[in-house]
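Input: a single structure, listed below in structure tokens.
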Amino acid sequence: MSEEKARQQLVRFKDTAAIIEVLDIAYDMGIRTFMCTTHDRIGEVCDHMRADRARYRNFIYYPCMPYAHKYANSVSQFGVLETIQRFSTGGVVNTLLRGAMGTLTRDIYVLMRLLVDSEMKRFEGLNTPVIFVQNVVTDLLLGMKLYSVFAEFDKYVRERYGAEAGFITMNLPMLLDALDQVGVENPIVCSNINKIGFRMTGGIDAYLEALRTRRCRPIAMSILASGAIPPNEAIEWVCRLEGLQSIVFGASSAGNIRQTKELIECVWGTAPLTTPATPS
Amino acid sequence: MAIRVGIVGAGKMGLSHYAIANALPGAAVVAVCDTSRYILSVLRKHVAVDTYTNYEEMISEGRLDCIIIATPTATHFQCTKYALEKNLHVFVEKPLTLSPVESRALSELAIQRTRVNQVGFHNRFIATFQEAQRLVRAGALGTVTNIRGDAFGQVVVKEQSSTWRSRKAEGGGCLHDYACHVVDLMNFLVGPPTRVAGARMQAIFSKDVADAVSAVFAYDDRMSGLLETNWSDETVRKMTTTITAYGTKGKLIVDRQELKLYLRSDCRFENYEEGWNSRYITDLQSPVRFYLRGEEYSAQLDAFFEAIRSGNMAHENSFASAYETDRVLNLITEANEANGGGGRA
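Protein sequences appear in the order of chains W and Y.
Okay, so the first sequence: first residue is 81 according to this note's numbering, each after it adds one.
Okay, so the second sequence: first residue is 68 according to this note's numbering, each after it adds one.
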């Protein structure tokens, strides 16, 4: 997204009410799933949904964590250790002495659990059947070959939240191999899938083959390739891909949501859709 | 055989380089050096690398082909020099050093030892900026008379003094940590200025360093340049760098997303028409073999490894080119001091 467009969106969505209005439009059109980063303001949206459970009974959240900017800025400013202290849930870590914390979080799985709990706090009492890891973290772990963290995350969100793990990535074929290695079966994976192969690392052919042949539940994002492909052409192509069943799209107006939904339904008939609405 | 990589400094950039270097075909990270025993213990436990708290020890064990240095800038000189003397190829984070004299010495040493020597000015690997350079060099703008470079972002938006980035002696501050990218991009497009005609460095929230830098560049008699950077601008979501170039045939505005080219009448160039033209990153960027945070981070390390394999010393972002950037940063500091010191150095 361009800075100018980001600025306009910031002005428009200054009040959380404006975000909720867009969500209401999507919800009333039958879109039930909302994919969101764990941006600070999502807490206010969650409060609103909790306050009116009857209206939002069927509303589904797909949290994507972490909201990368806040961590990246913090690591630059304060370093890794202090960042962990700042963002992990209060009672658990802050009461520990620095040395004790070092020992505790040396186990990277314990650290992962602390951070997940801290991000999930704001979703308490809401329906979060899939919890996603953002691509910057997925791909960092992938490159460092810390594959076991994927399996631990998968296990933890199942046990603690009764949810499934989802992984957002810019390197889908490579990630599927890694998940295979650590026994994460039939994974939910979300990646760029678009007609021009934009940010489909490994090549468009490798992606299409993965969709056809790998046992996974893929979600297509960036189907318009940042606006490089006209919507009807983009959607027509992506909806006809063998092995693809879900699409996530960003939209901020009723017209836009309706148009995208209708274009998809033209090819798919009615299908479960997801839509993000917070800045990512 | 895979290129064996050592990482010095496992902070944000070090870990990012770690992941990319390790994922690219033909390379593998085998050793990591950091002062944080915490980070090292995590790596030791979960990843198959050797860990060190002393880079001399890591290098002298002789198992590495190259190192990637991502430590505070003030430590770059010693570490790079040591690695070159032990015949390692070196990739070092930007800027190269805090002193043009040291940067030139490193460049000469690398050439003498025929070691690949690259600095992490990653913007040069973004296709929009590459296309802008191609257009300028090919004369699409005619004679370039004015160039403007600016960068805004929200790095320091409140008072703080907690890491090396806020300490001048270690290479913190908007000049060396932020403005350097813009200066380097301006150099990339039109070559380095001969003089800095004036500069002001302004503290906003920092105690020891500048948060905003403004400067006027002179390029002989033919061209003028203007630099404006401010990393305390909380209206900008993430670092936004824009270069504008004015020539006798038109004008060019480029950032990481888009290149806009205006050509005057009778000045069409290749498939760029008269009037406004736009090219987006989606049209221009080549795919990379692993993606993390942006194509440019992978592309620069891929180029580094390719230069090692081919022995090509004429690669992008050499120490010699980074020296030119450090020289301009030094001229900015001097011009600021000549003006009475401004807000903060």
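Beta carbons: idealized from backbone N, C-alpha and C, even for Gly.
Do we get a CB-CB distance below 8 Å when we pair residue i with the residues of chain Y?
i, result
"phenylalanine 278 of chain W", "yes"
"alanine 308 of chain W", "yes"
"methionine 115 of chain W", "no"
"isoleucine 188 of chain W", "yes"
"threonine 340 of chain W", "no"
"alanine 357 of chain W", "At alanine 357 of chain W, the pLDDT of 47 sits below 50, so the modelled position is not reliable; the number obtained from the coordinates is stated separately. Not an interface residue."
Using a cut-off of 7 Å between C-beta atoms, extract the partners of residue i located in chain Y.
i, result
"aspartate 257 of chain W", "Chain Y residues near aspartate 257 of chain W: none, gap ~12 Å exceeds 7 Å."
"alanine 305 of chain W", "Thr349"
"asparagine 251 of chain W", "Phe357 and Tyr358"
Do you know how far the Cα of residue j is from the Cα of residue i?
i, j, result
"alanine 69 of chain Y", "tyrosine 119 of chain Y", "21 Å"
"aspartate 414 of chain Y", "arginine 121 of chain W", "Residue 414 of chain Y is absent from the model: chain Y starts at 68 and stops at 412."
"glycine 258 of chain Y", "glutamate 152 of chain Y", "30 Å"
"proline 260 of chain Y", "valine 91 of chain W", "39 Å"
"asparagine 312 of chain W", "glycine 323 of chain W", "20 Å"
"arginine 304 of chain Y", "cysteine 144 of chain W", "19 Å"
"glutamine 367 of chain Y", "asparagine 379 of chain Y", "14 Å"
"leucine 321 of chain W", "isoleucine 111 of chain W", "21 Å"
"isoleucine 248 of chain W", "leucine 255 of chain W", "10 Å"
"arginine 201 of chain Y", "phenylalanine 336 of chain Y", "12 Å"
"alanine 134 of chain W", "glycine 335 of chain W", "26 Å"
"isoleucine 268 of chain W", "threonine 181 of chain Y", "48 Å"
"glutamate 383 of chain Y", "glutamine 185 of chain Y", "7 Å"
"tyrosine 420 of chain Y", "serine 306 of chain W", "Because residue 420 of chain Y is not part of the residues shown, which for chain Y are 68 to 412, the question remains open."
"glutamine 214 of chain W", "alanine 405 of chain Y", "48 Å"
"alanine 98 of chain W", "aspartate 104 of chain W", "10 Å"
"isoleucine 100 of chain W", "isoleucine 303 of chain W", "24 Å"
"threonine 210 of chain Y", "alanine 312 of chain Y", "10 Å"
"isoleucine 140 of chain W", "alanine 243 of chain W", "12 Å"
"phenylalanine 203 of chain W", "tyrosine 107 of chain W", "18 Å"
"alanine 387 of chain Y", "aspartate 322 of chain Y", "25 Å"
"arginine 332 of chain Y", "isoleucine 214 of chain Y", "Note that residue 332 of chain Y corresponds to serine in the displayed sequence, not to arginine. Whole-angstrom Cα-Cα distance: 21 Å."
"serine 228 of chain W", "aspartate 219 of chain W", "13 Å"
"arginine 130 of chain W", "glutamate 265 of chain W", "33 Å"
"threonine 130 of chain Y", "isoleucine 327 of chain W", "In the sequence on display, residue 130 of chain Y carries arginine and not threonine. Looking at the two C-alpha atoms, the distance is approximately 47 Å."
"asparagine 397 of chain Y", "threonine 307 of chain Y", "23 Å"
Shorter than 7 Å, the distance from the beta carbon of residue i to the closest heavy atom of the ligand FMN, or not?
i, result
"glycine 93 of chain Y", "In the structure on display, the ligand FMN does not appear, and there are no ligands present to speak of."
Quick one: is residue i near chain W, going by C-beta distance under 8 Å?
i, result
"alanine 172 of chain Y", "no"
"histidine 243 of chain Y", "no"
"leucine 131 of chain Y", "no"
"valine 249 of chain Y", "no"
"valine 114 of chain Y", "yes"
"valine 109 of chain Y", "yes"
"leucine 165 of chain Y", "no"
Given that residue i touches chain Y, what residues does it touch there, using C-beta distances under 8 Å?
i, result
"threonine 281 of chain W", "Pro354, Val355, Arg356, Phe357 and Tyr358"
"alanine 86 of chain W", "Arg304"
"valine 34 of chain W", "A query on residue 34 of chain W cannot be resolved here, the shown segment of chain W reaching from 81 to 360 and no further."
So residue i contacts chain W; which residues on that side make the cut at Cβ distance below 7 Å?
i, result
"isoleucine 87 of chain Y", "Gly223"
"leucine 368 of chain Y", "What leucine 368 of chain Y touches in chain W: nothing, since even the nearest Cβ is about 11 Å away."
Starting from the beta carbon of residue i, find every residue of chain W whose beta carbon is closer than 9 Å, and list them in chain order.
i, result
"alanine 90 of chain Y", "Asp219, Leu222, Gly223, Met224, Lys225, Asn251 and Met254"
Against residue i, what residues of chain W qualify as contacts under a CB-to-CB distance less than 8 Å, listed in chain order?
i, result
"glutamate 82 of chain Y", "As written in the sequence, residue 82 of chain Y is leucine, which differs from the glutamate given in the question. Per Cβ cutoff of 8 Å: Leu220 and Met224."
Which runs of the beta strand (DSSP E) spanning at least 3 residues fall entirely within the segment 191 to 238 of chain Y, listed in chain order?
Here the runs fully enclosed are 211 to 219.
What beta strand (DSSP E) runs, 3 residues minimum, are completely inside the segment 101 to 156 of chain Y?
Listed in chain order, the beta strand (DSSP E) runs fully inside the segment 101 to 156 of chain Y are 117 to 119 and 133 to 136, counting runs of at least 3 residues.
What are the complete alpha helix (DSSP H) segments, minimum 4 residues, inside the segment 170 to 254 of chain W?
Qualifying alpha helix (DSSP H) stretches, in chain order: 170 to 173, 178 to 186, 188 to 200, 215 to 224 and 227 to 241.
Using a Cβ cut-off of 9 Å, which residues of the segment 220 to 232 of chain W contact any Cβ in chain C, in chain order?
Any reference to chain C falls outside this structure, whose protein chains are W and Y.
Can you list, in chain order, the residues of the segment 311 to 322 of chain W whose Cβ is nearer than 9 Å to any Cβ on chain Y?
Those would be none; no residue qualifies.
So if I threshold CB-CB distances at 9 Å, which residues from the segment 251 to 280 of chain Y count as touching chain W?
For the segment 251 to 280 of chain Y, the set of positions with a beta-carbon nearer than 9 Å to some beta-carbon of chain W is empty.
Entirely enclosed beta strand (DSSP E) segments - the segment 296 to 328 of chain W, minimum 3 residues:
Entirely contained in the segment 296 to 328 of chain W, the beta strand (DSSP E) runs reaching 3 residues are, in chain order, 297 to 301.
Within the segment 309 to 397 of chain Y, ranges of the beta strand (DSSP E) (whole runs, at least 3 residues)
DSSP runs (the beta strand (DSSP E)) wholly in the segment 309 to 397 of chain Y: 317 to 321, 325 to 330 and 342 to 347.
Which runs of the beta strand (DSSP E), 3 residues or longer, sit entirely within the segment 249 to 294 of chain W?
As far as the segment 249 to 294 of chain W is concerned, its whole beta strand (DSSP E) runs of at least 3 residues are 268 to 272.
What residues in the segment 97 to 116 of chain W have a beta carbon less than 9 Å from any beta carbon of chain Y?
Taking 9 Å as the upper bound on Cβ-Cβ separation, chain Y lies near no residue of the segment 97 to 116 of chain W.
Pull out every residue of the segment 259 to 276 of chain W whose Cβ sits closer than 8 Å to any Cβ of chain Y, in chain order.
Listed in chain order, the positions of the segment 259 to 276 of chain W with a beta carbon within less than 8 Å of a beta carbon of chain Y are Ile276.
Only counting runs of 4 or more residues, tell me where the alpha helix (DSSP H) segments fall wholly within the segment 240 to 305 of chain Y, in order along the chain.
DSSP runs (the alpha helix (DSSP H)) wholly in the segment 240 to 305 of chain Y: 247 to 257.
Which of the residues in the segment 318 to 338 of chain Y, read from start to end, lie with their CB under 9 Å from any CB of chain W?
Cβ contacts with chain W come from Asp322, Gln324 and Glu325.
Please list the residues of the segment 180 to 198 of chain Y that have a C-beta atom closer than 7 Å to any C-beta atom in chain W, keeping them in chain order.
Cβ contacts with chain W come from no residue of the segment 180 to 198 of chain Y.
Give, in chain order, every unbroken run of the beta strand (DSSP E) that is at least 3 residues long and sits entirely within the segment 100 to 128 of chain W.
Fully enclosed beta strand (DSSP E) runs of 3 or longer: 113 to 117.
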